[in-house]
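Participant:
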Amino acid sequence: MMTPPTHHDGDVRDVDVRGPCGMTPLMVAAVRGGGLDSGEDIDSTDDSAAQIISELVAQGAELNATMDKTGETSLHLAARYARADAAKRLLDAGAEANSQDNTGRTPLHAAVAADAMGVFQILLRNRATNLNARMHDGTTPLILAARLAIEGMVEDLIQADADINAADNSGKTALHWASAVNNVDAVNILLSHGANRDAQDDKDETPLFLAAREGSFEACRALLDNFANRDITDHMDRLPRDVASERLHHDIVRLLDEHVPRSPQMVTTIPSGNGGSTASGAGNTIMSPTHAHMITHPTIIASAKQSKQKKQRQQKMNVGGVAGSSAAAAVAAAAAQAAVVVANMGGGVGGLTLSQNPTSPQDGGADLVAGSMRRKAVAKKSGNGAASKKTTNTG
Numbered sequence: 034m035m036t037p038p039t040h041h042d043g044d045v046r047d048v049d050v051r052g053p054c055g056m057t058p059l060m061v062a063a064v065r066g067g068g069l070d071s072g073e074d075i076d077s078t079d080d081s082a083a084q085i086i087s088e089l090v091a092q093g094a095e096l097n098a099t100m101d102k103t104g105e106t107s108l109h110l111a112a113r114y115a116r117a118d119a120a121k122r123l124l125d126a127g128a129e130a131n132s133q134d135n136t137g138r139t140p141l142h143a144a145v146a147a148d149a150m151g152v153f154q155i156l157l158r159n160r161a162t163n164l165n166a167r168m169h170d171g172t173t174p175l176i177l178a179a180r181l182a183i184e185g186m187v188e189d190l191i192q193a194d195a196d197i198n199a200a201d202n203s204g205k206t207a208l209h210w211a212s213a214v215n216n217v218d219a220v221n222i223l224l225s226h227g228a229n230r231d232a233q234d235d236k237d238e239t240p241l242f243l244a245a246r247e248g249s250f251e252a253c254r255a256l257l258d259n260f261a262n263r264d265i266t267d268h269m270d271r272l273p274r275d276v277a278s279e280r281l282h283h284d285i286v287r288l289l290d291e292h293v294p295r296s297p298q299m300v301t302t303i304p305s306g307n308g309g310s311t312a313s314g315a316g317n318t319i320m321s322p323t324h325a326h327m328i329t330h331p332t333i334i335a336s337a338k339q340s341k342q343k344k345q346r347q348q349k350m351n352v353g354g355v356a357g358s359s360a361a362a363a364v365a366a367a368a369a370q371a372a373v374v375v376a377n378m379g380g381g382v383g384g385l386t387l388s389q390n391p392t393s394p395q396d397g398g399a400d401l402v403a404g405s406m407r408r409k410a411v412a413k414k415s416g417n418g419a420a421s422k423k424t425t426n427t428g
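In my numbering, each number is its position in the sequence shown, counted from 1, plus 33.
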């Protein structure tokens, strides 16, 4: 025969009793805002949730009890389900801020993964929170925030003095992961706060390698703008360009080949002979997708030498042209003088005629001079013959 429960027995309740899912009443309250037979649902108010948690804590509920399957505490669950009110009440009651679940995640990791900004800010302001806590794979909250591209959390963690160059078990830093997932905002924030742009993981790969391999064009460009070294090789003696080429990321291959980082010490524009425009693929100007106006220092030097040589050649041509014109003028003057002589002699001597349409001033002048000399010779010969004939007749 069963004995009915007495009034005293009804007052005795185990506040840490576990349900079918292995959750205690405090865990349920942290997740749903309800508690032991409270009748509260997920839409309950923050005040109700906080009140239930306070009552359970007052009754001696275990703050750091863990779930059998996941190893999560009530604070983990409050972070995972973005219950800022529950998280604050648990921390105020003395819950462990750095307890780890079966994967090594702390409540801060859980808040980052869930994008639970309210819980994240509460944990960030809590002095007991370890900002550099590592999961079993070495992931820190900063690495997780960079990898998941959670807006605002990367900068907040850096401002709170999280280790910016902390690496996971594979040697990858937050900058590695931000570059791999093309989280450009995180890349720029990390670089602006002094992250090592050329940090190498256990395969000697820099963040530029991960950006090149994963096709993260914007992250790759941001790294190059911040002077990331594209000539560092990995453990297989490959360059970032080689990795991008293997993955058929042709746009990144071109970027790595042509990109010139912005620098105040570089000349960005040089006017060319045709008004400053240079066709793509012509000349020495680099025509990258984003920095078509940029040129390299060797280009500047080569252009200067070429212009000087061209100027010298032009000067020589000008001098030669003047000399040639003077010679032509002299020949033309001699030809004109010879023409006058011929005209006085009747237009020809001994069958010799002058060229009326010379092919060039030099050729016409030569004909005139030759004709004049021949006429003088004929005239001299004729004079000698006449004198000899006169002597014979006289004799």
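Built from N, CA and C at the ideal position, the CB exists for glycine as well. Model, not experiment: these values are computed from the prediction.
Helix or strand or just coil, what does DSSP make of P53?
Facilitator: Coil.
Participant: Determine the direct distance from the alpha carbon of T136 to that of L26, and round the result to whole angstroms.
Facilitator: Summary: the structure shown does not reach residue 26, with the chain confined to residues 34 through 428, and so no result is reported for it.
Participant: Apart from the five residues on each side of it in sequence, which residues of its chain come closer than 6 Å, Cβ to Cβ, to L208?
Facilitator: Once the five neighbours on either side are set aside, the close Cβ partners of L208 are L223, A228 and P240.
Participant: A193 and L156 look like a contact to me (Cβ under 8 Å); what is the Cβ gap, rounded to whole Å?
Facilitator: Wrong, their Cβ atoms sit about 10 Å apart, outside the cutoff.
Participant: Compare the Cα-Cα distances from G127 to each of Q133, H292, T173 and A94 and report the closest residue.
Facilitator: For G127, the nearest C-alpha among the options comes from A94.
Participant: At what residue ranges does the stretch 99-165 contain a whole run of the beta strand (DSSP E), taking only runs of 3 or more?
Facilitator: Complete beta strand (DSSP E) runs here, min 3: none at all.
Participant: Starting from L175 and walking both ways along the alpha helix (DSSP H), at which residues does that stretch end?
Facilitator: First-last of the alpha helix (DSSP H) with L175: P174 to L181.
Participant: Does A62 come out as helix, strand or coil in the three-state DSSP assignment?
Facilitator: The answer is helix: DSSP assigns A62 an H, G or I state.
Participant: By how many angstroms is the C-alpha of L177 removed from the C-alpha of V217?
Facilitator: So the two alpha carbons sit approximately 15 Å from each other.
Participant: When the Cα atoms are used, what is the spatial distance from D237 to Q84?
Facilitator: So the two alpha carbons sit approximately 53 Å from each other.
Participant: The alpha helix (DSSP H) spanning P294 covers which residue range?
Facilitator: Counting along the chain, P294 falls outside any alpha helix (DSSP H), and DSSP gives it neither H nor E.
Participant: Would DSSP call A200 helix, strand or coil?
Facilitator: DSSP places A200 in strand when its eight states are reduced to three.
Participant: How about D148 and L181: are their beta carbons less than 9 Å apart?
Facilitator: Yes, they are a contact pair.
Participant: For L281, does the count of other Cβ atoms within 10 angstroms reach 16, so buried, or fall short, so exposed?
Facilitator: That one is exposed.
Participant: Sort out for me which residues DSSP pairs T206 with in a bridge.
Facilitator: Per DSSP, A200.
Participant: Run through DSSP, which three-state label would N221 get?
Facilitator: Helix at N221.
Participant: Give me the residue from F250, C253, I265 and S225 with the minimum Cα distance to Q233.
Facilitator: When each option's Cα is compared against that of Q233, the closest is I265.
Participant: Alpha carbon to alpha carbon, what distance is there between A117 and T162?
Facilitator: Cα to Cα, the separation comes out at about 15 Å.
Participant: Can you look up H282 in the DSSP assignment and give me helix, strand or coil?
Facilitator: Three-state result, H282: coil.
Participant: What does a CB cutoff of less than 6 Å around D47 pick up in its chain, not counting 5 residues either side in sequence?
Facilitator: Answer for D47: no residue qualifies.
Participant: Could you compute how far the alpha carbon of A325 sits from the alpha carbon of R271?
Facilitator: For A325, the predicted model reports a pLDDT of 40, less than 50, meaning its position is unreliable; a value from the coordinates is still stated below. Distance between the alpha carbons of A325 and R271: 28 Å.
Participant: Secondary structure at V48, three-state DSSP: helix, strand or coil?
Facilitator: Correct three-state label for V48: coil.
Participant: For the alpha helix (DSSP H) that contains I265, what are its first and last residues?
Facilitator: Segment: none, I265 is in no alpha helix (DSSP H) and carries neither H nor E.
Participant: Apart from the five residues on each side of it in sequence, which residues of its chain come closer than 7 Å, Cβ to Cβ, to E105?
Facilitator: These residues qualify, in order along the chain: T99 and D134.
Participant: Could you check what DSSP says for L190 in three-state terms: helix, strand or coil?
Facilitator: Three-state result, L190: helix.
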